[in-house]
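Colleague: Input: one structure, supplied below.
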Amino acid sequence: MVHINDYIPIVGQSTIDDLKLLAERLKGKVIQHVNSTSVGGGVAEILNRMVPLLGELGVDSRWDLIKGGSQFFDVTKKFHNALHGRPEDITDRDLEIFMETTEANLGLMNTYGDIVFIHDPQPIGLIKKKTGNKWLWRCHIDVSHPHKKVWDFLMSFIPNYDAAVFSSPIFSQRLPIRQYLISPSIDPLSDKNKELPQEVIDAALAKYNIVKDKPIITQISRFDRLKDPSGVVDAYLQVKKYIDCQLILAGGTATDDPEGIQVLAEVQERAKKDKDIHVLLLPQDDILINALQRASDVIVQKSLKEGFGLTVAEALWKAKPIVASHVGGISLQVKHKFSGLMCHSIEGAAFAIKQLLNNPEYAKKLGENGRQHIKNNFLLTRHLKEYMLLFLSLYHSEDIVYL
Amino acid sequence: MTEPIKAKEPFRFYTRWHLSELLGIKASNLEQLLGHIKDVPGSCIYHHTHRFLQQHQYLSPEPPNDFAYWVREVLGDDELGERLASIDTIQYKTIRSLREKIVETIEKYLKHNPKANLRFAGEDEQFHFIKSVSFIAPTNETATDLREFAEALRKVTIDSIYFHIFEAHLRLEKGTNDFSNWLDTSLQEKALAEKIAKLDPYTYTLDGLRKTILKIVEKKLAA
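Respectively, the protein sequence lines represent chains A and B. Mapping to the numbering used here: the first sequence position 242 is 242, numbers consecutive. Going from the second sequence to the numbering used here is simple: count from 1 and add 403.
Dropping the structure here:
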């Protein structure tokens with residue numbers, strides 16, 4: 001188990017002291033997180049680490065789950081896709097199913113927290129239980145272009161919250177309540193991000209018969225059209241005309257996601273053209289992902305749409321030069337020409353990859369800047385600090401708060 | 404080396420943290436940017452003229468404000484970007500006067516370059532207005548003489564340095580920084596106070612600023 005003081009060698013004693021100072025101001029308050037799953041997905045991953053660390057700091061932080069059947073989760077999955085801007089047919093029956101489960105949970109759940117922290121749309125209707133306590137709604141989804149019917153439905157709940165939280169400024173909407181910007185974070189001590197011995201990195205390459213005899217370009221992502229793996233192959237082929245290099249496309253796909261399997265098959269087909277393209281369907285193995293990132297010379301994240309894109313933060317934390325699309329929360333992590341290169345097209349991605357491969361000193365500097373940027377802004381300790389400030393903000397309306 | 408003089412009043416190091424509040428207001432071109440700059444709360448102007456410095460400490464002396472960065476990198480207007488980046492923030496003792504300078508810079512530029520308003524940002528690259536909510540709290544670090552001051556300065560977070568230099572100077576409209584104020588009034592170290600007050604903090608990284616102030620104090624201690 002990781003303890004808060006374990007972060008001192010990374011962020012410094014004074015940063016941890018600050019967290020302790022802040023936690024003192026929240027003594028006596030009970031924070032109740034509510035979401036729909038304890039395993040899988042970014043929200044659960046963050047809460048699994050965040051809740052015990054808040055507890056260790058002295059903030060009474062608890063975590064409850066709503067209950068729902070497969071019909072409910074089918075509807076919330078449709079909501080999720082629709083909020084991401086995908087066309088979905090949302091029927092009145094879908095909304096009824098959502099409300100039936102919400103009513104059942106309203107009967108089952110005790111919302112005892114001084115601050116009830118609701119994560120994502122699934123439990124949003126619990127706000128009906130609001131009494132004198134404070135309620136927060138945390139939206140982890142890219143709602144920059146939401147499906148109108150779903151957004152209007154959510155808006156029947158959102159104004160009753162005390163505040164909303166989004167991951168990127170581009171997701172903010174005009175709302176009648178206060179809304180805060182809090183980005184997700186990576187945990188530098190997790191298996192996905194901790195330092196690895198060279199033998200582990202070498203073993204990961206050997207496992208997939210990858211020989212490090214030429215530069216490695218990598219994209220780590222689910223096999224999903226929105227991650228544009230085909231575009232990455234095209235960009236690589238353009239680079240390959242000038243520089244002998246190899247490409248790793250690695251990620252997982254859910255077995256119940258027919259589109260994911262189809263995308264994987266398409267990419268595998270394209271990869272046949274070139275023996276230096278390695279398409280790896282990975283098991284859930286964070287050390288392996290960590291090793292592949294560390295073995296790479298350039299990391300690419302050529303998404304067409306992205307909520308936040310934590311794979312970018314993971315790569316930058318490893319001081320890797322990155323080429324990433326200017327979408328979603330990626331622009332918060334990469335400042336073009338300062339901490340990586342941004343692109344808008346396949347040609348742009350190819351050009352940027354060539355620039356990095358041909359100028360290793362420049363690439364190194366961008367990677368170092370990137371690591372520093374992640375250290376300053378996207379580590380779990382910053383996230384803890386901002387959550388505690390968020391809790392405190394519920395008791396203050398002014399712009400300058402003296403604690 | 405003589406024993407340092409004890410201060411009349413100890414210096415208490417404070418720290419500040421900020422939370423970013425989204426205003427749900429955005430701009431796609433210069434005219435929209437200008438219109439909103441005139442209307443948004445002062446804490447929003449503060450955020451966009453200071454956040455860059457905190458988030459990108461390692462980049463200084465790159466553009467110290469978001470407006471300059473967006474105009475240059477997104478709208479591709481190098482000339483106005485340069486003019487906005489080179490606004491001498493330290494000269495402005497209030498957010499109001501800083502806002503007026505930014506407005507005047509954009510208005511003047513648009514008057515001579517009306518076509519500049521035809522540059523539009525893509526949908527995912529619009530300028531989003533954010534304001535800072537600041538939380539200020541005392542730390543456990545105090546100093547009663549110059550030696551203790553140097554020791555504490557080595558230990559405190561850059562947030563604390565930021566509070567005593569920037570927040571005190573501009574947002575709280577104090578006109579000087581807390582370190583110089585204490586050195587002058589409590590330790591009678593007028594020359595030292597002036598040396599620190601004369602630094603342009605906007606052209607240092609925060610860690611660079613810490614090192615520079617420490618160097619000045621250590622030189623005095625060694626004298």
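Using N, Cα and C, we set each Cβ at its ideal position, and we do this for glycine too.
1. What is the residue span of the alpha helix (DSSP H) that Asp202 (chain A) lies within?
2. In this structure, how does DSSP classify Gly307 (chain A) when only helix, strand and coil are distinguished?
3. Tell me, which residues are paired with Ala61 (chain A) by DSSP?
4. Take Ile10 (chain A) and list the residues in its own chain whose beta-carbon comes closer than 6 Å to its own, dropping the five residues that flank it on each side.
5. Using a beta-carbon distance cut-off of less than 8 Å, what residues from the region 5 to 31 of chain A approach chain B?
6. Around the C-beta of Ile408 (chain B), are 16 or more other C-beta atoms found within 10 angstroms, so that it is buried, or is it exposed?
7. Which word fits Ile158 (chain A), buried or exposed, when buried means at least 16 other C-beta atoms lie within 10 angstroms of its C-beta?
8. Within its chain, find whatever has a CB closer than 6 Å to the CB of Phe98 (chain A); leave out the 5 residues flanking it on each side and keep chain order.
9. In angstroms with no decimal places, state the Cα-to-Cα distance between Phe532 (chain B) and Thr588 (chain B).
10. Quick one, are the C-beta atoms of Val233 (chain A) and Val300 (chain A) less than 7 Å apart?
11. Starting from Gln179 (chain A), follow its DSSP beta bridges and name the residues at the other end.
12. Counting only Cβ pairs nearer than 7 Å, list the residues of chain A close to Leu635 (chain B).
13. Distance cutoff 7 Å, beta carbons only. Does Gly427 (chain B) sit that close to anything in chain A?
14. So if I threshold CB-CB distances at 8 Å, which residues from the region 527 to 538 of chain B count as touching chain A?
15. Consult DSSP for Thr606 (chain B) and reduce its assignment to one of helix, strand or coil.
16. CA-CA distance, Arg294 (chain A) and Leu586 (chain B)?
17. Residues in the region 157 to 181 of chain A with C-beta within 8 Å of chain B's C-beta atoms, listed in sequence order?
18. Starting from Gln238 (chain A), trace the beta strand (DSSP E) in both directions and tell me its first and last residue.
19. CA-CA distance, Arg557 (chain B) and Leu617 (chain B)?
20. Distance cutoff 7 Å, beta carbons only. Does Leu403 (chain A) sit that close to anything in chain B?
21. Three-state secondary structure (DSSP) at Asn193 (chain A)?
22. Looking at the C-beta of Ala571 (chain B), does it have a partner C-beta in chain A at a distance below 7 Å?
23. Using three-state DSSP, classify Ser463 (chain B) as helix, strand or coil.
24. What are the boundary residues of the alpha helix (DSSP H) that Arg382 (chain A) is part of?
25. Can you tell me the Cβ-Cβ gap for Val150 (chain A) and Phe79 (chain A), rounded? I've got them flagged as a contact below 8 Å.
26. Which ranges does the alpha helix (DSSP H) cover as unbroken runs of at least 4 residues, wholly within the region 489 to 574 of chain B, from first to last along the chain?
27. Do Ile217 (chain A) and Tyr242 (chain A) have their CB atoms nearer than 7 Å?
28. Quick one: using the 10 Å Cβ neighbour count with 16 as the cut-off for buried, is Arg174 (chain A) buried or exposed?
29. Suppose you measure from the CA of Val59 (chain A) to the CA of Val51 (chain A); what does that come to, to the nearest Å?
30. Roughly how many whole angstroms lie between the Cα atoms of Ile4 (chain A) and Asn432 (chain B)?
31. Answer yes or no: does any C-beta atom of chain B fall closer than 7 Å to that of Asp399 (chain A)?
32. Beta-carbon within less than 8 Å of Ile448 (chain B)'s beta-carbon, same chain only, minus the 5 sequence neighbours each way: which residues are those?
33. For the region 317 to 333 of chain A, enumerate the residues whose C-beta is nearer than 7 Å to any C-beta of chain B, in chain order.
34. Quick check on the burial criterion: 16 or more other C-beta atoms within 10 angstroms. Buried or exposed for Leu126 (chain A)?
35. Would Leu356 (chain A) and Ala363 (chain A) qualify as a contact pair, given that the criterion is a beta-carbon distance under 7 Å?
Modeller: By the coordinates alone:
1. On the first sequence, position 202 is the one that residue 202 (chain A) refers to. Segment Gln198 to Lys207, the alpha helix (DSSP H) holding Asp202 (chain A).
2. As a first step, residue 307 (chain A) must be located in the first sequence, where it is residue number 307. Coil at Gly307 (chain A), not helix or strand.
3. Looking up residue 61 (chain A) in the first sequence gives position 61. A quick correction: the sequence has Ser, not Ala, at residue 61 (chain A). Answer is A:Ile31, bridged to Ser61 (chain A).
4. Position 10 of the first sequence holds residue 10 (chain A). The residues are Pro188.
5. Gly12, Gln13, Ser14, Thr15, Asp17, Asp18, Leu21, Leu22 and Arg25
6. Numbered from 1 along the second sequence, position 5 holds the residue referred to as residue 408 (chain B). That one is exposed.
7. As a first step, residue 158 (chain A) is located in the first sequence; it is residue number 158 there, counting from the start. Label assigned to Ile158 (chain A): buried.
8. The residue given as residue 98 (chain A) occupies position 98 in the first sequence. Excluding sequence neighbours, Phe98 (chain A) sits near Val75.
9. By one-based count along the second sequence, residue 532 (chain B) stands at place 129. By one-based count along the second sequence, residue 588 (chain B) stands at place 185. Near 39 Å, if we compare the C-alpha coordinates of Thr588 (chain B) and Phe532 (chain B).
10. If you number the first sequence from 1, residue 233 (chain A) lands on position 233. If you number the first sequence from 1, residue 300 (chain A) lands on position 300. No, they are not a contact pair.
11. Indexing the first sequence from 1 puts residue 179 (chain A) at position 179. Paired residue(s): A:Ala164 and B:Leu425.
12. The displayed coordinates of chain B run from 404 to 626. Any statement about residue 635 (chain B) would go beyond what the structure contains.
13. Position 24 of the second sequence holds residue 427 (chain B). The C-beta of Gly427 (chain B) comes closer than 7 Å to at least one C-beta of chain A.
14. Asp527, Glu528, Gln529, His531, Ile533, Lys534, Ser535, Val536, Ser537 and Phe538
15. Taking the first residue of the second sequence as 1, we reach residue 606 (chain B) at position 203. Residue state, collapsed to three classes: helix.
16. Taking the first sequence and counting its residues from 1, the one referred to as residue 294 (chain A) is at position 294. Taking the second sequence and counting its residues from 1, the one referred to as residue 586 (chain B) is at position 183. Rounded to whole angstroms, Arg294 (chain A) to Leu586 (chain B) spans 48 Å at the Cα level.
17. Cβ contacts with chain B: Phe166, Pro169, Ile170, Ser172, Gln173, Arg174, Leu175, Arg178, Gln179, Tyr180 and Leu181.
18. Taking the first residue of the first sequence as position 1, residue 238 (chain A) is located at position 238. First-last for Gln238 (chain A): Pro229 to Lys240, but that is the alpha helix (DSSP H), not the beta strand (DSSP E).
19. The count along the second sequence starts at 1 and reaches residue 557 (chain B) at position 154. The count along the second sequence starts at 1 and reaches residue 617 (chain B) at position 214. When rounded, the distance between both Cα atoms is 8 Å.
20. Here residue 403 (chain A) refers to the residue found at position 403 when the first sequence is read from its first residue. Judged by the 7 Å Cβ criterion, Leu403 (chain A) is in contact with chain B.
21. Residue 193 (chain A) sits at position 193 when you count from the first residue of the first sequence. Looking at Asn193 (chain A) - three-state DSSP - the assignment turns out to be coil, as it is neither helix nor strand.
22. On the second sequence, position 168 is the one that residue 571 (chain B) refers to. So, not an interface residue.
23. Position 60 of the second sequence holds residue 463 (chain B). Low confidence applies here, because Ser463 (chain B) scores a pLDDT of 48, under 50, leaving its location unreliable; read the following figure in that light. DSSP places Ser463 (chain B) in coil when its eight states are reduced to three.
24. The residue given as residue 382 (chain A) occupies position 382 in the first sequence. Start and end: Leu380 to Ser393.
25. Here the question's residue 150 (chain A) lines up with position 150 in the first sequence. Here the question's residue 79 (chain A) lines up with position 79 in the first sequence. Confirmed, about 5 Å.
26. 498 to 515, 549 to 558 and 561 to 565
27. Taking the first residue of the first sequence as 1, we reach residue 217 (chain A) at position 217. Taking the first residue of the first sequence as 1, we reach residue 242 (chain A) at position 242. Going by C-beta atoms, Ile217 (chain A) is not nearer than 7 Å to Tyr242 (chain A).
28. In the first sequence, the residue the question calls residue 174 (chain A) occupies position 174. So Arg174 (chain A) counts as exposed.
29. As a first step, residue 59 (chain A) is located in the first sequence; it is residue number 59 there, counting from the start. As a first step, residue 51 (chain A) is located in the first sequence; it is residue number 51 there, counting from the start. Those two C-alpha atoms are separated by around 9 Å.
30. Taking the first sequence and counting its residues from 1, the one referred to as residue 4 (chain A) is at position 4. Taking the second sequence and counting its residues from 1, the one referred to as residue 432 (chain B) is at position 29. Their Cα atoms are separated by approximately 45 Å.
31. Here residue 399 (chain A) refers to the residue found at position 399 when the first sequence is read from its first residue. Interface residue, yes.
32. Here residue 448 (chain B) corresponds to residue number 45 of the second sequence, with the count starting at 1. Here the set comprises Ile440, Ile498, Leu501, Arg502 and Ile505.
33. His326 and Val327
34. As a working note, residue 126 (chain A) is residue 126 in the first sequence. So Leu126 (chain A) counts as buried.
35. Working through the first sequence from its first residue, we reach residue 356 (chain A) at position 356. Working through the first sequence from its first residue, we reach residue 363 (chain A) at position 363. It is a contact, given that the beta carbons lie within the stated cut-off.
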